[in-house]
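Here is the structure we will look at, set down as structure tokens.
Chains as they are written, first to last, in this note's numbering: chain A, 1 to 112; chain B, 1 to 114.
Right under this line is the structure:
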């Protein structure tokens, strides 16, 4: 499968714990995006990488959130001290410089 | 305040008929619009896009119409097929950003009945 891969698919965590998600983009895609989708809503933009550089962060990305893309390949999204409001589907997408974004299947986070 | 609105949460259409999904936006800076389709347990898949310099873009059974003065776009699917049953998201951006800073609507669930 050469699409965008996200792991894990599901994560249940207790409030206050830290969680980390991984995204492996399509191999030749230099752009990578993270979105969050809550129930009944469309995806909301969180952050954007071009190669290893994080070029934009949404105001939704609070200090408890951090994203990295070392070496411009896979990316990780970490949430520290999770809160119940963090429960959502976290979507990763990637693109080339002239293609529309391809989304992964997402990681569903449930904070209990 | 939602900048991209899809006021119909769901739509049912008979197979072979036309499906029309609507989307309204409030930010006049938006100049690039996309439709994504999402099946259960899958990520959104790009369907079709339109730049504000056009008022229509067609790709096979899918046509997107843009009315800039009304800040309204619509997706027409003709003829509708059962495999088109999915959630359709309208998205907008300032410039063609390829994935950065898309603003999505809440989606419309389309059911195509055989």
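We treat Cβ as the ideally placed atom computed from N, Cα and C, and that holds for glycine.
- Excluding sequence positions up to five before and after residue 29(A), its CB lies within less than 6 angstroms of the CB of 94, 95, 96, all in the same chain and listed in chain order.
- For residue 21(A), the enclosing beta strand (DSSP E) covers residues 19–24.
- The three-state reading of DSSP puts residue 14(A) in coil, since its state is none of H, G, I, E or B.
- In the DSSP annotation of this structure, the continuous segment of the beta strand (DSSP E) that includes residue 54(A) starts and ends at 53–57.
- Residue contact with chain B for residue 104(A): present (Cβ-Cβ distance below 8 angstroms to some residue of chain B).
- For residue 50(B), the beta-bridge partners assigned by DSSP are 33(B).
- Where residue 76(B) is concerned, the enclosing beta strand (DSSP E) starts and stops at 72–77.
- Cβ contact annotation for residue 46(B) (same chain, cutoff 7 angstroms, sequence separation greater than five): 34, 36, in chain order.
- Residue 99(A) reaches chain B at 98, counting residues in chain order whose Cβ is nearer than 8 angstroms.
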